[in-house]
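Heads up, the thing below is written out as structure tokens.
Protein chains: 2
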Amino acid sequence: MKYEELDQFIKNSNYQYLPHLSVDCVVFGFHENQLKVLLMKMKHADKWGLPGGFVKPEESLETAAGRVLQERTGLDNIFLQQFHVFSDPDRSDTATKVDFLKNAGKAFLKDDWFLQRFLSVGFYALVDFSTVNPTPDPLSEACAWLEISEVKSLIFDHNHILNKALEVLRLQLNYQPIGYNLLPDKFTMPELQKLYETILNRPLDRRNFQRKILSYGILRQLKEKRKGVAHKAPYLYSFDLRKYQKALKEGLQDVW
Amino acid sequence: MKYEELDQFIKNSNYQYLPHLSVDCVVFGFHENQLKVLLMKMKHADKWGLPGGFVKPEESLETAAGRVLQERTGLDNIFLQQFHVFSDPDRSDTATKVDFLKNAGKAFLKDDWFLQRFLSVGFYALVDFSTVNPTPDPLSEACAWLEISEVKSLIFDHNHILNKALEVLRLQLNYQPIGYNLLPDKFTMPELQKLYETILNRPLDRRNFQRKILSYGILRQLKEKRKGVAHKAPYLYSFDLRKYQKALKEGLQDVW
DNA sequence: GCAAAAGTGTTGGCAATACACCCATGC
DNA sequence: GCATGGGTGTATTGCCAACACTTTTGC
Numbered sequence: 003m004k005y006e007e008l009d010q011f012i013k014n015s016n017y018q019y020l021p022h023l024s025v026d027c028v029v030f031g032f033h034e035n036q037l038k039v040l041l042m043k044m045k046h047a048d049k050w051g052l053p054g055g056f057v058k059p060e061e062s063l064e065t066a067a068g069r070v071l072q073e074r075t076g077l078d079n080i081f082l083q084q085f086h087v088f089s090d091p092d093r094s095d096t097a098t099k100v101d102f103l104k105n106a107g108k109a110f111l112k113d114d115w116f117l118q119r120f121l122s123v124g125f126y127a128l129v130d131f132s133t134v135n136p137t138p139d140p141l142s143e144a145c146a147w148l149e150i151s152e153v154k155s156l157i158f159d160h161n162h163i164l165n166k167a168l169e170v171l172r173l174q175l176n177y178q179p180i181g182y183n184l185l186p187d188k189f190t191m192p193e194l195q196k197l198y199e200t201i202l203n204r205p206l207d208r209r210n211f212q213r214k215i216l217s218y219g220i221l222r223q224l225k226e227k228r229k230g231v232a233h234k235a236p237y238l239y240s241f242d243l244r245k246y247q248k249a250l251k252e253g254l255q256d257v258w
Numbered sequence: 003m004k005y006e007e008l009d010q011f012i013k014n015s016n017y018q019y020l021p022h023l024s025v026d027c028v029v030f031g032f033h034e035n036q037l038k039v040l041l042m043k044m045k046h047a048d049k050w051g052l053p054g055g056f057v058k059p060e061e062s063l064e065t066a067a068g069r070v071l072q073e074r075t076g077l078d079n080i081f082l083q084q085f086h087v088f089s090d091p092d093r094s095d096t097a098t099k100v101d102f103l104k105n106a107g108k109a110f111l112k113d114d115w116f117l118q119r120f121l122s123v124g125f126y127a128l129v130d131f132s133t134v135n136p137t138p139d140p141l142s143e144a145c146a147w148l149e150i151s152e153v154k155s156l157i158f159d160h161n162h163i164l165n166k167a168l169e170v171l172r173l174q175l176n177y178q179p180i181g182y183n184l185l186p187d188k189f190t191m192p193e194l195q196k197l198y199e200t201i202l203n204r205p206l207d208r209r210n211f212q213r214k215i216l217s218y219g220i221l222r223q224l225k226e227k228r229k230g231v232a233h234k235a236p237y238l239y240s241f242d243l244r245k246y247q248k249a250l251k252e253g254l255q256d257v258w
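Here is the structure:
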């Protein structure tokens, strides 16, 4: 990433974006039976952080988050869900930011746009791992998928944001279908089960899982089977998108 | 409300508060078997709206919402839950605000603080109706409880905010206990049931309701009964606060 | 004694759990 | 042919929904 780009970014921020406000995205992907999250290696700081960005004067938060993720993944129409605003006045400590500017060899003013207090709106995104093209932004030097349990200390309160996203995701599993955004078009029942097990971090019974997930009526069993695999070939499934959307809207089940 | 107060408010806003950002609160109360919401009659506009306010430079959103509600209800330590950020660029149309300033007999500048675009963080609050002392703010001339189904057209996107709050409340009923914040310390089983029925807008079976709610283990049956009522005297109950809090944290039940 | 509200109990059906057997494939 | 993973079936359990009878109180 070129010096001029970062320079440009910092210089233009204060009139390109709304002050005090950012969006941070927890992008979940599923690969080799692991739940992964997209992280950025920050420049001039030996830390990783969530992909994030700022909000333009005419954008909704959803548009802003979508734009940020389009830039970081190359994907349009990502499944995005706002889940919490992080507004602790001390959430992004100034020291870290001052260090960043210093290490970047930049002079800074006491009321630099970049140094102001930020509230951040957390979004989580579910994406098909295989279609993502991770791309760093002006503030970061690398961009990569990390396995959830291997994520160490992140910048600012990003660990907190990530944990909250996971918590919300697990909760939503109870009343929303999941998988359409995380899996390829065709997938097998064991793959879908692994996804659930990975998110819940707990094994599920094969047979009961199948019965339950089929009872939601959102799956279509295809005629084909997965080819070229060891052992018995599993059937391929795809989501019945209409019924899936309906389930998303109306919820899967109610207690009351 | 005196002219000077509104004048003062508008003049001071731009350095007292963060720009572009507001909080709006949907305050639910329960009275005479009805679900009520606290609304404000806006000055110089023949419309009602949600109690709201702005965020000071050193406040978290939760602190800001708590402060606003303390002023509007007289209560401290209100049960507050942030539920969504409303960020449509057109959510608060400028025309309405210009009208407001005109009707208030105020000159206004094109880049008036008050006329800028606002994102609003929605909070919902659950309060004990009987302890609230509704108090207008500088922008409103009255403050009153309205029955949910009798709420007409509100200012800006406040109907949308209210509906979203209701939706979230109904959803949370499925995995969180409710009632501690909405009912007096002692209450009867039929009263608690009416609360649930009112929120869900649907009748429930007496006997099944009792079994289910008791199975959560968050209620304590008291020795006393409600006195001075017609017909058979119902038992009084109170929440076991420790178990109630535990249920709030851990959730009532999981599908997976 | 009658109406209205509240306390308590029973039953049938469905759904979640736990578990077992058979089938296909690679080595 | 054996280990591994996948497809399918069943029996038991427990919970939920529907429903009935009894008790208390005011009039």
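Taken in order, these protein sequences are the chains called V and R. Start counting the first sequence at 3; every next residue gets the next number (our numbering). Start counting the second sequence at 3; every next residue gets the next number (our numbering). A virtual CB, placed ideally from N, CA and C, is assigned to each residue, including glycine. As the structure is a prediction and not an experimental result, all values here were calculated from the model.
Beta carbon proximity, residue i to chain R, threshold 8 angstroms
i         : result
V/Gln-86  : Going by the sequence as given, residue 86 of chain V is His instead of Gln. So yes, V/His-86 belongs to the interface.
V/Pro-53  : no
V/Asn-176 : yes
V/Gln-255 : yes
V/Leu-194 : no
V/His-138 : His is not the amino acid found at residue 138 of chain V; the sequence shown has Pro there. No - not a single Cβ of chain R is within 8 angstroms of the one on V/Pro-138.
V/Leu-23  : yes
V/Ser-62  : yes
V/Val-123 : yes
V/Ser-89  : yes
V/Leu-20  : yes
V/Tyr-17  : no
V/Tyr-198 : yes
V/Leu-202 : yes
Residue-level contact to chain V via CB, residue i, 8 angstroms cutoff
i         : result
R/Tyr-1   : Absent from the structure is residue 1 of chain R, since the part of chain R shown begins at 3 and ends at 258.
R/Arg-209 : no
R/Gln-247 : no
R/Ser-94  : no
R/Pro-179 : no
R/Trp-258 : yes
R/Arg-213 : no
R/Tyr-182 : no
R/Pro-59  : yes
R/Arg-119 : yes
Sequence-distant residues of the same chain with beta carbon closer than 7 angstroms to residue i, five excluded per side
i         : result
V/Arg-172 : Ile-201, Leu-202
V/Pro-138 : Met-3, Met-42, Ala-144, Cys-145
V/Val-220 : Checking the sequence shown, residue 220 of chain V turns out to be Ile, not Val. Contacts found: Pro-179, Phe-241, Asp-242, Lys-245, Tyr-246, Ala-249.
V/Arg-228 : Thr-190, Ala-235, Pro-236, Leu-238
Sequence-distant residues of its chain with Cβ nearer than 8 angstroms to residue i (five each side left out)
i         : result
V/Leu-1   : Residue 1 of chain V lies beyond the stretch modelled for chain V, which goes from 3 to 258, so this question has no answer here.
V/Lys-108 : Asp-9, Ile-12
V/Phe-1   : As displayed, chain V neither begins before 3 nor continues past 258, which places residue 1 of chain V out of reach and without an answer.
V/Gln-36  : Glu-149, Ile-150, Thr-200
V/Met-44  : Trp-50, Gly-51, Phe-102, Leu-141, Ser-142, Glu-143, Ile-157
V/Lys-38  : Phe-30, Gly-31, Phe-32, Phe-131, Trp-147, Leu-148, Glu-149, Ile-150
Cβ distance (whole Å) where residue i is taken to contact residue j below 8 angstroms
i         : j         : result
R/Asn-176 : V/Tyr-177 : 7 angstroms
R/Phe-120 : R/Asn-183 : About 28 angstroms separates the two Cβ atoms, so there is no contact after all.
R/Val-1   : R/Gly-124 : The requested residue 1 of chain R is not part of the displayed model; chain R covers only 3 to 258.
V/Lys-104 : V/Leu-117 : In fact, because the Cβ distance is near 12 angstroms, the residues do not count as touching under 8 angstroms.
Own chain partners of residue i with C-beta closer than 6 angstroms, once the 5 adjacent residues on each side are dropped
i         : result
V/Asn-135 : Gly-76
R/Gln-255 : none
R/Arg-74  : Pro-53, Thr-137
R/Gly-166 : Just to set this straight, residue 166 of chain R is Lys in the shown sequence, not Gly. Here the set comprises His-86.
R/His-160 : Gly-51, Leu-52
V/Ser-94  : Phe-120, Phe-158
V/Gln-223 : Tyr-237, Tyr-239
One or two residues paired with residue i in a DSSP bridge
i         : result
V/Tyr-126 : V/Val-28, V/Gln-83
V/Glu-149 : V/Lys-38
R/Met-44  : R/Ser-142
V/Leu-221 : V/Phe-241
V/His-33  : V/Gln-36
R/Thr-190 : R/Leu-238
V/Phe-120 : Note: V/Phe-120 sits in no beta bridge, so no partner.
V/Gly-51  : V/Met-42
Given 8 angstroms, three or more beta-carbon pairs between the region 85–102 of chain V and the region 58–68 of chain R
In short, these stretches touch, since the Cβ pair count reaches three.
Are at least three pairs of beta-carbons, each pair with one atom in the region 139–147 of chain V and one in the region 42–53 of chain V, less than 8 angstroms apart?
With contact defined as three or more Cβ pairs closer than 8 angstroms, the region 139–147 of chain V and the region 42–53 of chain V are in contact.
Does the region 152–171 of chain R come into contact with the region 235–245 of chain R, if we say contact requires no fewer than three beta-carbon pairs (one atom in each stretch) closer than 8 angstroms?
In short, these stretches do not touch, since the Cβ pair count stays below three.
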